[in-house]
Each structure stands twice: as structure tokens, then as C-alpha cells.
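Engineer: Take a look at this one; I'll ask things after.
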Amino acid sequence: MSMARSLAVAKTGGDEDSWEQFLFWMMESIRCPGRWALMRRIRDWDAQLFQHSLRVAAYSRIVGREVFGFDQDREQQLVLGAFFHDTGKVGWPNRLKAVAVLSEQDLRFIRCHPDTGADLVQEFWPDAPATVLEIIRNHHERPDGSGYPNGTTVQEPMALIVGAADMFAAMTEPRDYRRFAFMSDKAAEELRTYGYPEEIVTSLVRQQNE
Ligand SMILES: [Fe+2]
Ligand SMILES: [Fe+2]
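Next comes the structure, spelled out in C-alpha cells:
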């Protein structure tokens, strides 16, 4: 799939101008050797993961701006952390994409991907900001402490935003292991059960429904 086609498929809503502006800004932010090589790894390994990563980055950017009023520096770190959040999935066995019920062994393997992703990003991008690496390591931690790998009750805004945007995107996207994607209201209900702040949930629903 071409880059342009992948980007078009990943479009989540909003007017054409703002999406194009986002993509332009995104490409400018990763236009340096290490980050570009990582982006290509994600895209070449799985177009669906590339599209998911773009959606999570786009959702996160708007939540950071609307709910937390992030300045440009914080916004860029947030979006880069969001875009690279699932780098640790590159190289996963293909069967894991389609399995609805996972074995204990599969779960142990899957629960490593936040840390392996952060390590891989640091390898390709040695001066990556600590914030970006923390986002990647914490994107599956939940406000109620039910997440992984450490089960901490995450409250840091960037990790909250990317964790919520990732869950919301994953639930509303088509996946090989289930027949139907969730509607945005159902996905929002799920996010509330994990303790995500209402302002974040509302922003995600609004973006999806635009
Ligand atoms: Fe993940
Ligand atoms: Fe994800």
C-alpha cells in the first residue's frame, strides 16, 4: 500500500484541510533518519498498525490541545509518543492478530510490547525525549491500576491521553479477531469503567462523530 493510500485509509474524520495539515506536520516531525526508519518499519510490517498509530496520534493531539492546553513542544512529544506507542508489536507472529482468546503464554508475550517498543525507539532514536519513552512504556497502564506491565494507577496526562486514545481507536477499528467494531458510545462506556476522565472521553467521542 502506498504512503498516500495508507494515510487516506487512516483518516478518522474532521475536514480535509485539518487532516492534511496534521499529516504534513506529522511527516515533518519524523523527517530525520532514526524516526523515519522506525515509521517505515511499522508501515512495512503491517499497514493496519500504521493506520492505527496515525489515528492514535491524531486523537491524542486534539485531546492534548482541547483538554490540557499543551504548548507546541508538549504537543509534539505527545504526538510522537502516540505514533510510536505500538512499535513493540513489530515482528509479532501474525497469528496474534486474529486470535480472540489468548493463552497465558501469549499474554506474557504481549505484555512485553510497551517495554520492548520503548527500547527499540531508543535504539533508533538515541536522543528521544524521556516523555516519549514514558508514553510508550505506560500506554497500557490504566487509571484504575488494571493495566500492564506494572499495574500502576497512571495519572500523568500524556500517558492518560495516549492510553485512552489507543483503547478508543482499537475498539472502533475493524480487527481480525472480532466481527464488528464498537460504536463510539460503547467504546466511551468502556473507557469510563477504567477510570478515564470524562473530558478525555468526551473529546474522543466528539472527534469520532465529527
Ligand atoms: Fe499497545
Ligand atoms: Fe495500540
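In this note's numbering, the protein residues as written are 370 to 579. Every residue, glycine too, gets a C-beta built ideally from N, C-alpha and C. In this text, all values refer to a predicted model and were calculated from it rather than measured experimentally.
1) Quick one: which unbroken alpha helix (DSSP H) runs of 4-plus residues sit fully inside the segment 505-577? Chain order, please.
2) Could you give the first and the last residue of the continuous alpha helix (DSSP H) run that contains Asp484?
3) Buried or exposed: Gln390, going by 16 or more other Cβ atoms within 10 Å of its Cβ?
4) Does the beta-carbon of Asp455, which I'm using as the reference point, lie nearer than 7 Å to any heavy atom of ligand 1?
5) Which residue spans inside the segment 437-466 form an unbroken alpha helix (DSSP H) run of at least 4?
6) Leaving out five residues on either side along the sequence, give the residues of the same chain with a beta carbon under 7 Å from the beta carbon of Pro543.
7) Is the segment 460-470 close to the segment 494-508, with three or more CB pairs under 8 Å?
8) Measuring straight from C-alpha to C-alpha, what distance separates Gln441 and Met527?
9) By the DSSP assignment, the alpha helix (DSSP H) with Ile411 in it spans what residues?
10) Can you determine whether any heavy atom of ligand 1 sits closer than 7 Å to the C-beta of Asp440, and answer yes or no?
11) Exposed or buried, what is Trp494 when buried is set at 16 or more other beta-carbons lying within 10 Å of its beta-carbon?
12) As a quick exercise: from Glu567, Ser553, Thr541 and Glu397, pick the residue whose alpha carbon is nearest that of His421.
13) Compute the distance between the beta-carbons of Ser553 and Ile431, then report whether it is under 8 Å.
14) Does Met396 come out as helix, strand or coil in the three-state DSSP assignment?
15) Provide the residue span of the alpha helix (DSSP H) that contains Leu471, from first to last.
16) Using a Cβ-Cβ cut-off of 6 Å (strictly less than) and excluding sequence neighbours within five positions of Met408, which residues of its own chain qualify?
17) Can you give me the C-alpha to C-alpha distance between Val425 and Phe537, rounded to a whole angstrom?
Structural biologist: In terms of the structure at hand:
1) 526-541 and 553-562
2) His482 to Phe493
3) exposed
4) yes
5) The alpha helix (DSSP H) runs lying completely inside the segment 437-466 and spanning 4 residues or more are 441-452, given in chain order.
6) Same-chain partners within the cutoff: Ala550.
7) no
8) 14 Å
9) Pro402 to Trp414
10) no
11) Per the 10 Å Cβ criterion, buried.
12) Thr541
13) no
14) In this structure, Met396 counts as helix in the three-state DSSP scheme.
15) Counting along the chain, Leu471 falls outside any alpha helix (DSSP H), and DSSP gives it neither H nor E.
16) Ile399
17) 9 Å
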